[in-house]
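Sequential numbering of the sequence shown, starting at 1, is according to UniProt numbering. Beneath this line is the structure, given in structure tokens, with notes to follow.
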Amino acid sequence: MSLYGRIFLLNAVVLVVAVALLLGPVTVSTPILLGEALVLLGGLGAMLVANAVLLRIGLAPLARLNRAMATADLLRPDARPVVTGQGEIAGLTATFNTMLDRLEAERATSSGRVLSALEAERRRIARELHDEIGQTLTAVLLQLKHAADRVPEPVRAELHQAQETTRASLDEIRRIARRLRPGVLEELGLHSAVRALASEFTTTRLGVTAHITPGLPALGPAAELVLYRVAQESLTNAARHSGAGRVEVHLLPLPGGAGVGLVVSDDGGGIGAAPEGAGIQGMRERALLIGAELLVGAGPGGRGTRVCLNVTADRTGGTAR
1 MSLYGRIFLL NAVVLVVAVA LLLGPVTVST PILLGEALVL LGGLGAMLVA NAVLLRIGLA
61 PLARLNRAMA TADLLRPDAR PVVTGQGEIA GLTATFNTML DRLEAERATS SGRVLSALEA
121 ERRRIARELH DEIGQTLTAV LLQLKHAADR VPEPVRAELH QAQETTRASL DEIRRIARRL
181 RPGVLEELGL HSAVRALASE FTTTRLGVTA HITPGLPALG PAAELVLYRV AQESLTNAAR
241 HSGAGRVEVH LLPLPGGAGV GLVVSDDGGG IGAAPEGAGI QGMRERALLI GAELLVGAGP
301 GGRGTRVCLN VTADRTGGTA R
């Protein structure tokens, strides 16, 4: 029965019962007596309560669907509303679930294209920084050294200072190029790339320690890149925003060897009630591309921030080592 039919039938039943009572045992005098007024008011109240209860039961699936619509988030796939019964509400629920599936698939496809283009642009910029600007600065260093060997002592000191500044700029450009294009990931694998990240972010103010469990299941290149980028973004957030002094990075197998888990935890101030920024949303989009699960929240005891990424090997085409 349609929603319109159910509501009409509920109200019709209430009205028929009321008319039957008036034509049967209930009578009304003119002027109305106190007892008759009490009976009528009591009957009206009972009919209103019955009508409200029946409508509440009949419209409960619509309320559940409304809550599901209000809380739907494409970056956080959740359980779909259960389709119960038949009629318009069941059809609407099924249509909503189909729409969510389509939107998530379209978002994953578009995000994959965007991230692929982003990685390609990162590689291009890194190559130009290394090949063009890096070679130019190297030539400048050689020219400064050549000039410093042939000038008087007062000018030589200034040229040596210019050499150090140029060398520091060259090192910074190379560091930026390594962040843009993780060559160590392609050449030496995920283990070495994560250890290199930990060393790169370790400073006098921030200590980063990498703990990697031996014998991790093998993952595909896309999954390894997602793990690397999530670890990189987590360390960047810890260094820039958390005020942490220590960060722990763990790579460990999932229970049963089903995949690889990444855990990045710090002892900083935590994210609290702050809204998620572009960095965390980018991590969620990357996780969705490979069907991984990303959890971002407070660390043990409610202190700091803890980022967990679980990548299942069978979703990435990996095989156990």
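Glycine included, C-beta positions come from ideal geometry on N, C-alpha and C.
- In this structure, the beta-carbon distance from residue 166 to residue 142 does not fall below 8 Å.
- Contact annotation: the stretch 89-101 touches the stretch 58-71, with at least three C-beta pairs closer than 8 Å.
- In the DSSP assignment, residue 151 falls outside any alpha helix (DSSP H) and carries neither an H nor an E.
- If you keep only unbroken alpha helix (DSSP H) runs of at least 4 residues inside the stretch 170-205, you get 183-188, 190-201.
- In this structure, DSSP gives residue 216 a state outside helix and strand, which the three-state scheme calls coil.
- By the Cβ-count criterion, residue 151 is exposed, with fewer than 16 other Cβ atoms from all chains shown falling within 10 Å of its own Cβ.
- The C-alpha of residue 222 lies about 16 Å from the C-alpha of residue 110.
- A Cβ-Cβ separation of about 6 Å places residue 313 in contact with residue 219 under the 8 Å criterion.
- Residue 235 sits close to residue 208, with the two beta carbons spaced by under 8 Å.
- Per DSSP, the beta bridge partners of residue 265 are 248, 306.
- Relative to the Cα of residue 114, the nearest Cα in the group 286, 12, 180 belongs to 286.
- Around the beta carbon of residue 41, a 10 Å sphere encloses fewer than 16 other beta carbons of the protein chains shown; the residue is thus reported as exposed.
- For residue 294, the enclosing beta strand (DSSP E) stretches over residues 293-298.
- If you look at residue 129, you'll find it isn't in any alpha helix (DSSP H); DSSP assigns it neither H nor E.
- When the five nearest sequence neighbours on each side are left out, the beta carbons in the same chain lying within less than 7 Å of the beta carbon of residue 297 are those of 306, in order along the chain.
- If you look at residue 221, you'll find it in the alpha helix (DSSP H) that goes 221-237.
- For residue 210 and residue 195, the gap between their C-alpha atoms comes out near 6 Å.
- Counting C-beta atoms within 10 angstroms of its own C-beta, residue 281 has fewer than 16 neighbours from the protein chains shown and is therefore classed as exposed.
- Within the same chain, and ignoring the five residues on either side of residue 266 in sequence, the residues whose Cβ sits closer than 6 Å to its Cβ are 238, 242, 244, 247, 304, 305.
- In the DSSP secondary-structure assignment, residue 312 is bridged to 259.
- With distances taken between CA atoms, residue 130 lies nearest to 169 out of 63, 255, 169, 55.
- When 49, 277, 163 are compared, the shortest CA-CA separation from residue 14 is found for 49.
- Straight through space, the alpha carbons of residue 46 and residue 308 are spaced by roughly 55 Å.
- Of 148, 44, 184, the smallest CA-CA separation from residue 200 is found for 184.
- Under the three-state reduction of DSSP, residue 81 is assigned to coil, being neither helix nor strand.
- Nearest neighbour of residue 260 by Cα position, chosen from 39, 190, 56, turns out to be 190.
- Of the other Cβ atoms in all chains shown, 16 or more fall within 10 Å of the Cβ of residue 216; this residue is therefore buried.
- Counted as a single uninterrupted DSSP element, the alpha helix (DSSP H) harbouring residue 280 occupies residues 278-289.
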